[in-house]
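**Student:** Protein chains in written order, with my numbering: chain A, 1 to 467; chain B, 468 to 934. Next up is a structure, given as C-alpha cells.
2 protein chains.
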Amino acid sequence: MTAGMTPDEFRKHGKELIDWVADYYERVESLPVTPDVDPGAIRAMLPEFAPELPEPFTEVIADLDRVVMPGITHWQSPNWFAYFPGDSSFPAILGELVSAGLAQQGMLWSTSPATTEIESHMMDWLVDLLGLPQGWKTSGPGGGVIQMSASDSTHTALVVARQRAQGSASLDDIVAYGSAQAHSSIEKGARVAGYRHYRPIEVDEQFALRTDRLEAAIAQDRAVGRHPAFVCSAVGTTGTTAVDPVRAIGTIARRENLWHHVDAAYAGSAMICPEFRHHQDGLELADSYVFNPHKWMFVNFDASAFYVADRRPLIETLSILPPYLQDAASQSGSVIDYRDWHVPMGRRFRALKLWFTLRSFGAEGIRSKIREHVTAAQTLAARLEADDRFELVAPTPFGLVSFRHVAGDSATDRLANAINRSGRAYLTASKLPDGSSFIRVSVGQTNTTTHHVELLGDLIDEMSDPA
Amino acid sequence: MTAGMTPDEFRKHGKELIDWVADYYERVESLPVTPDVDPGAIRAMLPEFAPELPEPFTEVIADLDRVVMPGITHWQSPNWFAYFPGDSSFPAILGELVSAGLAQQGMLWSTSPATTEIESHMMDWLVDLLGLPQGWKTSGPGGGVIQMSASDSTHTALVVARQRAQGSASLDDIVAYGSAQAHSSIEKGARVAGYRHYRPIEVDEQFALRTDRLEAAIAQDRAVGRHPAFVCSAVGTTGTTAVDPVRAIGTIARRENLWHHVDAAYAGSAMICPEFRHHQDGLELADSYVFNPHKWMFVNFDASAFYVADRRPLIETLSILPPYLQDAASQSGSVIDYRDWHVPMGRRFRALKLWFTLRSFGAEGIRSKIREHVTAAQTLAARLEADDRFELVAPTPFGLVSFRHVAGDSATDRLANAINRSGRAYLTASKLPDGSSFIRVSVGQTNTTTHHVELLGDLIDEMSDPA
C-alpha cells in the first residue's frame, strides 16, 4: 500500500507535523495576529498547474512555512478578540486526526455504529452539562445531532418550520421573525429555505427583542393573510451578546403556533456553569436549539450541536429512502440514521473531538476556562467604564465587551484600526442599530488568560485619542 | 498554556496516534469489513455522564481500541465495495491534521487569506485536471468552492435556481426534474429548498434519463401553469453509474430556461483520465456542477467541489452583509469571500488536504489508481458475464459492476448477504427500477488493487447458488 505515501513515510512526516503544530501553538502568541498580505499574494506563490508527478512530502511541509503561514489569520492566538472565538485545543486536534484516520461515513448507523452512537452519547452528555431539557436526550422524544455550523442548524429548523406551515399555507405567505440584532444566519437561512418574508423585530435599549413588537408584527401579518411560521430567540446576539426573552417569546410562539428556535451559538457553551443558566430560562418552550461547541468549548470547527424537542417532524421532513440506503438495522427502527437529521448525507466522525475534549478538560476544566474569560471580560468592561474616554454600549453577560470612544465614531474607528494594525491584538469594529460605531472585544480563545486581557486593556489605553 | 493538554503531552500523544493510524492501515485488510455489533452496544460502554475532572489521555487512547474499534465499518479496507467509495489517503489525513492545527475560519478572505486563496487555486487546478470549461476558473465568470457534500452542493444549486424562478413565479409552482435514477439528494434537496414539485423522469434501458420524457414533463407542467426551474443531469447515477445525455439535457434547459445542474459526484474524479471525458460532453451547457474528490480522488471527506458557470446569481442569492462582517478587503471587491458561496458561514481549511494529495500522488498517480480500479471492475464484469449463473444489469463505464443471479431475487439477495456476513468483502444489495434485486460492486477504495477484486470474484464464485 504505497498510494501517495507509504506507512513508514506517514509515520515520519506525521510526527514531523505533530511537532510543527505544537511549535505553532508555542509561538503563536508572539506572531502578529493578522497577516500582512495583499490579495493574490498567496496564489502567486503556487504553480499554475497541478504536478503531473509526485513531489517529495518534505517540499509540501516546507511550503507550509513558505506559502501558507504568510496568509494565516491567527484565530488561535491568545490575543484574538475578534468576532466570536473559533477555538481549538490539543485534544480536539487529536480527535480530528483520528477521525481523518478512520475516515468513517456515518450516514447510517450501519455504515459506522461508533460514529452514530458516540455522537448520540455526546449530545446526551451535553444536555446534562448545560442544563438543557431532559426530553432533548435521545431517550426522550427529541434528540441532538452535530451539524457543520449554526447556519446549517438554523437553516434546518427553518426548513422544518416551513414544511409544517406548508400544510395549510402557500409558500409565498410564510413568515419568519427574529431580532434585528440576530445573527445574519437567520435571515440568510430564511431566504435559502424559501421564505419570502423575514421580519427583523425591533430591540430594546439592551438590544434584546421587544416582544410587543413581535406580537404586533405577527398580528399585522395575519391581518394581510400571511402565515407566521418561525421565530428565533437569541441567547447572546452576535452584535452585543444581548439575551432575548426566551420564555416570553416561547409563550407567544406556542399561542400563535410558530416554530420556536433558540440560537445560543456562542453563549450556549457558558451554560456549563450553572450561574449563567438564568439566561436560558424558558428553553422548555423551544422546538429547536443550537449552540456551537466549536466556538467556546475548545472543540475545533465543525461541531454545531443542534437539538429538537421532537425528532419526528425533523425526520419526516428530511428522510428520503432510496433502495441503496435501505438496510436491516434501519428498518428495525432501533437505530438512529443521522442522514435524516440534516441536509448532507455523508458525515464525518465529529463526535470524537468532543469526546476527547470533554474527557481531557473534564467539565470543571471547561468551567474554569469560561469563568476566567467572563471575569476577565467584565474586569476589562469595568476598567473601560471607569475611564472617561470610553463608554460601554451594552452589558457584558458573557465574554464580550462592547464599547466606544466618547469622542464619536471616528475616534472609535481609529482606535480599532490602530489596534488591529499593530498586530498585538485583533478585535472587531462594528455598528450599533443606529449606525454608530463600537468595538467588540470577544474574550474566549482557548489560551487567552486574564493576563492577555490586561495587556489588551493597556493597548486600548495606549492607542486611544484623548476624550 | 495547559488547557486540556500541554504541548509536550500533545507531542507525545500525537505521535502515538500517528502510529495508531499507520498501524490501522497496515492491518485493516485483515479485519472483517463490517463490525459485529448490536445497536446500543457502543453506548453501553460509555459512562452516563461526562467526567467532572480530566482523565489521562492514555485512557482516551485505550478506549479507541476498547470502545471505538468494535463499532467501526471499515470504509478504508481494500475489500470495501459498498455504496460508492469514501476514500482517505495518508497525505489527505496529514492535510486534515494541519487544518485542525491551524484551526482557521475562512468565512472571509481577511479571516484567512491562505484558506481562501489555496481553495481557489485548487478549484482552478481541478478545472484543468478534469477538462472542465475554462470559464469555471476564478479568472472567468464562474468559479469553484468546496462544500461539505454533494447534497449540499446540489441543494445550493436548487436554491439559486428557485431564487431565479421566484422573480416571475409563485414558489408553489416551481418544478425540479431529475432522472428517476438520480441520487436521493436531488429529491431531498428540492424538498429542502421548498420545491413542491419534483418530477423523477423515466430512464431508458441503460438507466439514463429519457429526454423525450423530460420534454413531455416540462410541457405538461407548463400546460397547467407550473414553472419548470431546474433539471439535473447525472454523470454516473448512484444506482448503476448510468450517464445521462448531458448535452441534450443542457440544450433543453437552455431552450426552456431551466437551471442545468450536473451531478458527477462519483464519476467526476475519473475525468482526470482523458479517455472518460466523452461522458461529460456538453458541460459547457451546465449552470452548475458537482463532483466529490472525497469519493474517488483519495481525499478525505468533506471535500465536495461545486462549480458555477456564473458566480453572480450564486452570490446574489447567498450574500447577507451584517456590520460585523464588513471589512476593507471585502469592500474592495478584489477578494473572494466564500461565505457567500454556500449556506454555512464558518469554513475549515479543506483545501489543504486536496493540495497535499494532488502533490503527493501527482496527477499521474491518481490516473493510475483510477485506471486500475476501472480495469479491475471491467475484468470482474467480464468474468461474471462469462459465468452462466450471473447476468450484468448495466454497463461498467467506471468502477461499478452491477449484476444479479439468474435464479432471481432470492438467490441474488442470498449471495449479497452471504458475502457481507463473511466479513471478507462488503458490497451493496440494491433494487432496479422494476423492483428486482441486484448487487452493486463499487471498486474504488484507495488501496484496492486488481488482487482484491480478483479475490472478490472468487468469493462470489464460492458463495453463489448454482444457476
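The beta carbon of each residue, even a glycine, is placed where N, CA and C say it ideally should be. It should be emphasised that the depicted structure is a prediction, and the values quoted were computed from it without experimental measurement.
Determine which residues of the region 904-924 of chain B have a Cβ less than 8 Å from any Cβ of chain A, and write them out in chain order.
**Tutor:** 907, 913, 914
**Student:** What residues are listed by DSSP as bridge partners for residue 147 of chain A?
**Tutor:** A:304
**Student:** By how many angstroms is the C-alpha of residue 379 of chain A removed from the C-alpha of residue 550 of chain B?
**Tutor:** 56 Å
**Student:** Whose C-alpha, out of A:9, A:426, A:27, A:416, is nearest the C-alpha of residue 69 of chain A?
**Tutor:** When each option's Cα is compared against that of residue 69 of chain A, the closest is A:27.
**Student:** Are any of the Cβ atoms in chain A nearer than 7 Å to that of residue 868 of chain B?
**Tutor:** no
**Student:** Whole-angstrom Cβ separation of residue 167 of chain A and residue 832 of chain B, contact assumed at under 8 Å?
**Tutor:** That pair is no contact at about 53 Å.
**Student:** Who are the neighbours of residue 159 of chain A on chain B, taking C-beta pairs under 9 Å?
**Tutor:** 658, 659, 660, 661
**Student:** What residues in its chain sit with their C-beta under 6 Å from that of residue 934 of chain B, if we drop five residues either side in the sequence?
**Tutor:** 855, 856, 873
**Student:** Can at least three beta-carbon pairs, one atom from the region 250-264 of chain A and one from the region 150-160 of chain A, be found at a separation below 8 Å?
**Tutor:** yes
**Student:** Name, please, each residue of chain A whose Cβ falls closer than 8 Å to the Cβ of residue 491 of chain B.
**Tutor:** 101, 102
**Student:** Find the residues of chain E that neighbour residue 297 of chain A, judging by a C-beta separation of less than 9 Å, and give them in chain order.
**Tutor:** Within the model displayed, chain E is absent; protein chains A and B are what it includes.
**Student:** Quick one: complete beta strand (DSSP E) runs, 3+ long, within the region 317-393 of chain A?
**Tutor:** With a minimum length of 3 residues, the continuous beta strand (DSSP E) runs that stay inside the region 317-393 of chain A are 390-392.
**Student:** If you draw a straight line from the C-alpha of residue 341 of chain A to the C-alpha of residue 476 of chain B, how long is it?
**Tutor:** 37 Å
**Student:** What first and last residue would you give for the beta strand (DSSP E) that runs through residue 403 of chain A?
**Tutor:** 400-405
**Student:** Taking DSSP as the reference, what is the three-state secondary structure of residue 934 of chain B?
**Tutor:** coil
**Student:** For residue 762 of chain B, collect the residues of the same chain with a Cβ closer than 6 Å to its Cβ; drop the 5 residues on either side in sequence, then sort them by chain order.
**Tutor:** 551, 552, 733
**Student:** So which residues on chain A does residue 836 of chain B lean against when the C-beta distance must stay under 8 Å?
**Tutor:** 3
**Student:** Within the same chain, show all residues whose beta-carbon is closer than 6 Å to that of residue 468 of chain A, passing over the 5 residues directly before and after it, in chain order.
**Tutor:** Within the shown structure, residues of chain A are numbered from 1 to 467, placing residue 468 of chain A beyond reach of any answer.
**Student:** Taking 6 Å as the cut-off, is the beta-carbon of residue 614 of chain B closer than that to any non-hydrogen atom of the ligand MN?
**Tutor:** This structure lacks the ligand MN; in fact it carries no ligand of any kind.
**Student:** Is there a Cβ of chain A sitting closer than 7 Å to that of residue 971 of chain B, yes or no?
**Tutor:** No information on residue 971 of chain B is available, as it lies outside the stretch 468 to 934 that chain B covers here.
**Student:** Just how far apart, CA to CA, sit residue 222 of chain A and residue 609 of chain B?
**Tutor:** 42 Å
**Student:** Comparing alpha-carbon positions, which option in A:22, A:24, A:335 lies nearest residue 108 of chain A?
**Tutor:** Of A:22, A:24, A:335, the residue nearest in Cα terms is A:335.
**Student:** Compare the C-beta of residue 588 of chain B with all C-beta atoms of chain A and state if any pair is closer than 7 Å.
**Tutor:** yes
**Student:** Taking only beta-carbon atoms, is residue 649 of chain B less than 7 Å away from chain A?
**Tutor:** no
**Student:** Taking 7 Å as the threshold (C-beta atoms), are residue 805 of chain B and residue 611 of chain B in contact?
**Tutor:** no
**Student:** Going residue by residue through the region 658-716 of chain B, where are the continuous alpha helix (DSSP H) segments of at least 4 residues, counting only ones entirely within it?
**Tutor:** 678-690
**Student:** Could you name the residues of chain B that residue 80 of chain A contacts, counting a contact when the two beta carbons are closer than 7 Å?
**Tutor:** Against chain B, a Cβ distance below 7 Å from residue 80 of chain A picks out nothing, because the smallest value is about 10 Å.
**Student:** Closer than 8 Å by C-beta to residue 101 of chain A: which residues in its own chain qualify, once you throw out the five before and the five after it? Chain order, please.
**Tutor:** none
**Student:** State yes or no: is the beta carbon of residue 71 of chain A nearer than 7 Å to at least one beta carbon in chain B?
**Tutor:** For residue 71 of chain A, a Cβ of chain B is located within less than 7 Å of the residue's own Cβ.
**Student:** Among B:637, B:844, B:792, B:776, which one has its Cα closest to the Cα of residue 573 of chain B?
**Tutor:** Residue 573 of chain B has its Cα closest to that of B:792, out of B:637, B:844, B:792, B:776.
**Student:** Look up residue 890 of chain B in the DSSP assignment and say whether it is helix, strand or coil.
**Tutor:** coil
**Student:** Per DSSP, what kind of secondary structure is residue 290 of chain A in: helix, strand or coil?
**Tutor:** strand
**Student:** Does any CB atom of chain A fall closer than 7 Å to the CB of residue 864 of chain B?
**Tutor:** Closer than 7 Å: no.
**Student:** Report yes or no: is there a C-beta of chain B within less than 7 Å of the C-beta of residue 417 of chain A?
**Tutor:** no
**Student:** Mark residue 47 of chain A as exposed unless 16 or more other C-beta atoms lie within 10 angstroms of its C-beta, in which case mark it buried.
**Tutor:** exposed
**Student:** Mind checking which residues open and close the beta strand (DSSP E) that includes residue 896 of chain B?
**Tutor:** 895-898
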